[in-house]
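This report concerns only the one structure given below.
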Amino acid sequence: MSLSAIFIQRPVMTTLLMLGITVFGILGWRTLPVNQLPNIDFPSISISAALPGADPETMAATVAAPLERQFTTISGIDEMSSSSSLGSTSISLVFNLNRDIDSAAQDVQSAISAALPLLPQLPTRPSFRKVNPTSAPILYLNLRSDTMPLSAVDEYAENVLAQRLSMVTGVAQVTVFGSQKYAVRVQVDPDKLADKGIGLDQVNSALAAGNVKLPTGSLYGPHTYYSVQSNDQLFKAADYRPLIVAYKNGRPVRLEEVADVLDSVENDKTYNVVSGNRAITLAVQRQPNTNTVQVIDDCKAVLASFEDQIPKALHLAIMYDRSVSIRADVDDVTHTMFLTVGLVILVIFLFLRNGTATLIPSLALPVSLIGTLAAMALLNFSLDDMSLMGMTLCVGLLVDDAIVM
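One gets this note's numbering by counting positions in the sequence shown from 1 and adding 6 to each.
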């Protein structure tokens with residue numbers, strides 16, 4: 007007796023089996039993560055080296071080349087690329103999928119140690135980190151203000167918004183681009199320093215001595231003990247201006263007499279511009295094997311709860327949302343698959359003119375496709391462009407087998 011004869015002779019069993027496959031397929035479909043591409047962890051390592059002031063040609067010849075020669079001795083490298091710019095070099099190593107990323111990292115560490123005698127005197131040792139090209143940010147947020155200083159916008163982005171988004175289930179990390187942390191900037195006038203006979207080291211010592219946070223001490227008597235608390239930290243430019251730098255001719259020389267003290271940011275040479283406006287950008291990355299669409303929906307729900315809490319002067323907007331393209335791709339492929347199934351059933355009916363022969367593929371196609379979803383859930387697959395495309399191509403094979411049966 008053939009395998010197919012059992013299902014023909016026992017229609018009740020066959021019906022229950024098809025219902026069971028359908029139920030498990032629906033349950034599997036509800037648990038499948040929805041992504042654009044399959045979850046593949048590429049063993050990849052990025053190496054960075056810095057030599058301030060060196061031009062790109064010097065970085066490529068004296069830093070990148072010796073490192074690359076050492077990296078070529080590592081087994082399992084499929085691709086190696088490097089990029090040199092002013093004062094920095096970045097080398098990317100991509101290993102084959104069979105290579106363990108931890109052992110590859112140990113080999114990279116050994117290769118860097120072997121290349122150190124061949125490198126110029128670098129301020130810091132070349133560093134490396136494990137990266138995954140498929141873990142690109144799934145959501146970009148833009149935070150700006152027309153009235154608030156950018157340092158205040160950055161403080162809200164890093165200390166409030168980024169921290170809250172990091173707590174969302176499925177979020178790996180939230181990176182802040184265009185960071186503009188608050189800092190007091192002291193612009194010393196060399197002519198005024200020379201006129202008063204004061205050196206830069208005296209200004210530096212005065213700034214260090216005037217902004218401290220150290221234990222003050224304690225007071226105690228026969229029956230009581232007091233802990234003295236004081237805070238000598240300075241937080242605003244106005245607090246720094248009266249600092250005494252030195253004493254000349256019996257009078258104090260204050261910082262505001264020899265320098266311009268401004269409320270500024272740590273790095274005022276680089277900043278982030280979005281649509282012509284300075285802004286802070288937050289990039290949300292998801293954890294591996296998570297539902298991209300669900301993670302973005304959860305992040306949007308958190309952002310919606312911030313509408314009543316966010317200052318009115320801040321403007322929060324979504325710059326990039328990967329779920330939009332994923333939904334469009336999945337909907338398009340799904341529509342194509344259902345259209346294919348419908349056309350196949352229609353063609354079978356037009357050519358065979360037999361209701362029973364048409365009923366067989368009409369039931370076999372959807373049940374087989376739904377059952378595939380249950381198998382995908384058990385194998386930790388995701389619902390993405392590749393898997394849906396494979397299911398679409400399998401429709402033709404299912405029809406051939408169904409017609410033969």
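By construction, the Cβ of each residue, glycine as well, lies at the ideal position given by its N, Cα and C atoms.
All figures in this text were calculated on a predicted structure; none of them were measured in a lab.
What number of angstroms, rounded off, separates the C-alpha of R116 from the C-alpha of A56? What you label residue 116 is simply residue 110 of the sequence shown in a count that begins at 1. What you label residue 56 is simply residue 50 of the sequence shown in a count that begins at 1. As written in the sequence, residue 116 is Ser, which differs from the Arg given in the question. Taking the straight line from one Cα to the other gives about 19 Å.
Between the stretch 298-308 and the stretch 221-230, do at least 3 Cβ pairs fall closer than 8 Å? no
Spatial distance of V40 from V401 (CA atoms): Taking the sequence shown and counting its residues from 1, the one referred to as residue 40 is at position 34. Taking the sequence shown and counting its residues from 1, the one referred to as residue 401 is at position 395. If I take the Cα positions, the gap works out to 21 Å.
M86 (DSSP reduced to helix, strand or coil): Along the sequence shown, read from residue 1 onward, the residue named residue 86 stands at position 80. Looking at M86 - three-state DSSP - the assignment turns out to be strand.
Check whether the Cβ atoms of A67 and I97 lie closer than 9 Å to each other. To locate residue 67, count along the sequence shown from 1; it is residue 61. To locate residue 97, count along the sequence shown from 1; it is residue 91. Against a cut-off of 9 Å, the Cβ pair of I97 and A67 comes out as no contact.
Could you give the distance in angstroms between the alpha-carbon of S172 and the alpha-carbon of V182? Working through the sequence shown from its first residue, we reach residue 172 at position 166. Working through the sequence shown from its first residue, we reach residue 182 at position 176. Taking the straight line joining both Cα atoms gives about 12 Å.
Beta-carbon gap between V267 and I204 smaller than 9 Å: The sequence position of residue 267 within the sequence shown is 261, counting from 1. The sequence position of residue 204 within the sequence shown is 198, counting from 1. Contact flag unset, no.
So if DSSP puts T181 in a beta bridge, which residue, or which two residues, is it bridged to? Along the sequence shown, read from residue 1 onward, the residue named residue 181 stands at position 175. According to DSSP, T181 bridges with A289.
Terminal residues of the continuous beta strand (DSSP E) containing H321? By 1-based counting over the sequence shown, the position of residue 321 is 315. Residues L320 to D327.
Residue from V330, A381 and M395 with nearest C-alpha to L33: By 1-based counting over the sequence shown, the position of residue 33 is 27. Selected option, being the one with the closest Cα: A381.
Between which two residues does the alpha helix (DSSP H) holding S281 run? By one-based count along the sequence shown, residue 281 stands at place 275. Careful: S281 lies outside any alpha helix (DSSP H) and carries neither H nor E.
Limits of the unbroken alpha helix (DSSP H) element including S157: Numbered from its first residue, the sequence shown carries residue 157 at position 151. Segment L156 to Y162, the alpha helix (DSSP H) holding S157.
Does the stretch 161-179 come into contact with the stretch 270-290, if we say contact requires no fewer than three beta-carbon pairs (one atom in each stretch) closer than 8 Å? yes
L92: which of V190, P367 and P58 sits nearest, CA to CA? Locating residue 92 in the sequence shown gives position 86, counting from the first residue. Answer by Cα proximity: P58.
Could you check whether the stretch 363-377 touches the stretch 344-353, counting it as contact only if at least three pairs of C-beta atoms, one from each stretch, sit closer than 8 Å? yes
Can you list the alpha helix (DSSP H) stretches of 4 or more residues lying completely in the stretch 70-124, in chain order? 71-77 and 107-121
Please state whether the Cβ-Cβ distance between Y326 and L145 is less than 9 Å. By one-based count along the sequence shown, residue 326 stands at place 320. By one-based count along the sequence shown, residue 145 stands at place 139. The answer is yes: Cβ separation under 9 Å.
One question on the structure: do Q291 and V180 come within less than 9 Å of each other, judged by their Cβ atoms? Within the sequence shown, residue 291 is the residue found at index 285, counting from 1. Within the sequence shown, residue 180 is the residue found at index 174, counting from 1. In this structure, V180 lies closer than 9 Å to Q291 by Cβ.
The alpha helix (DSSP H) that contains L25, what's its start and end? In the sequence shown, counting from the first residue as 1, residue 25 sits at position 19. Unbroken alpha helix (DSSP H) run through L25: P17 to T37.
Of all the options L375, R131, N45 and I250, which has the alpha carbon lying nearest to the alpha carbon of T95? For the purposes of this step, residue 95 is identified with residue 89 of the sequence shown, where counting begins at 1. Taking only the C-alpha atoms, the option nearest T95 is R131.
Do you know how far the Cα of D274 is from the Cα of K242? Stepping through the sequence shown from its first residue, residue 242 is reached at position 236. Stepping through the sequence shown from its first residue, residue 274 is reached at position 268. Answer to the nearest angstrom: the Cα atoms are 17 Å apart.
Which two residues bound the contiguous alpha helix (DSSP H) that contains I250? Within the sequence shown, residue 250 is the residue found at index 244, counting from 1. Note, I250: premise wrong, no alpha helix (DSSP H); beta strand (DSSP E) at I250 to K254.
What is the rounded straight-line gap between the Cα of Q169 and the Cα of D160? Your numbering for residue 169 matches position 163 in the sequence shown. Your numbering for residue 160 matches position 154 in the sequence shown. Q169 and D160: Cα-Cα distance of roughly 13 Å.
Which class does Q42 belong to by DSSP, given the choice of helix, strand or coil? Locating residue 42 in the sequence shown gives position 36, counting from the first residue. It is coil, neither helix nor strand.
Between which two residues does the beta strand (DSSP E) holding P258 run? Position 252 of the sequence shown holds residue 258. R257 to R260 is the extent of the beta strand (DSSP E) around P258.
Assign V18 to one of two classes, buried (16 or more other C-beta atoms within 10 Å of its C-beta) or exposed (fewer than that). Position 12 of the sequence shown, counted from the first residue, corresponds to residue 18. Per the 10 Å Cβ criterion, exposed.
Between the Cα of Q235 and the Cα atoms of L225, H229 and A244, which residue gives the shortest distance? One-based indexing of the sequence shown puts residue 235 at position 229. The shortest C-alpha separation from Q235 is found at L225.
Residues near Y232 in its chain [Cβ-Cβ closer than 8 Å; skip 5 each side]: To locate residue 232, count along the sequence shown from 1; it is residue 226. So the list reads S224, L225 and Y226, once near-sequence residues are dropped.
Residue from I354, P155, H229 and F357 with nearest C-alpha to Y277: Position 271 of the sequence shown, counted from the first residue, corresponds to residue 277. When each option's Cα is compared against that of Y277, the closest is P155.
Distance, D390 Cα to V336 Cα: In the sequence shown, residue 336 corresponds to position 330, counting from 1. In the sequence shown, residue 390 corresponds to position 384, counting from 1. Their Cα atoms are separated by approximately 7 Å.
From the DSSP output, in three-state form, read off G348 for me. As a position in the sequence shown, residue 348 is number 342, starting the count at 1. Looking at G348 - three-state DSSP - the assignment turns out to be helix.
Round the Cβ separation of V264 and K198 to the nearest angstrom and send it over; I've been treating them as touching at under 8 Å. Within the sequence shown, numbered from 1, the residue matching residue 264 stands at position 258. Within the sequence shown, numbered from 1, the residue matching residue 198 stands at position 192. Yes, they are in contact, since the Cβ atoms of V264 and K198 sit about 4 Å apart, within 8 Å.
Taking the CB atoms as reference points, tell me whether V339 and T298 lie closer together than 9 Å. Locating residue 339 in the sequence shown gives position 333, where the first residue counts as 1. Locating residue 298 in the sequence shown gives position 292, where the first residue counts as 1. No, these two residues do not count as a Cβ contact at 9 Å.
Tell whether a beta-carbon distance below 9 Å holds between A189 and S157. Within the sequence shown, numbered from 1, the residue matching residue 189 stands at position 183. Within the sequence shown, numbered from 1, the residue matching residue 157 stands at position 151. The answer is yes: Cβ separation under 9 Å.
Is S368 helix, strand or coil when you go by DSSP? Along the sequence shown, one-based indexing puts residue 368 at 362. Looking at S368 - three-state DSSP - the assignment turns out to be helix.
At what residues does the beta strand (DSSP E) containing D303 begin and finish? Translated into positions along the sequence shown, residue 303 becomes position 297. Counting along the chain, D303 falls outside any beta strand (DSSP E), though it belongs to the alpha helix (DSSP H) covering T298 to S311.
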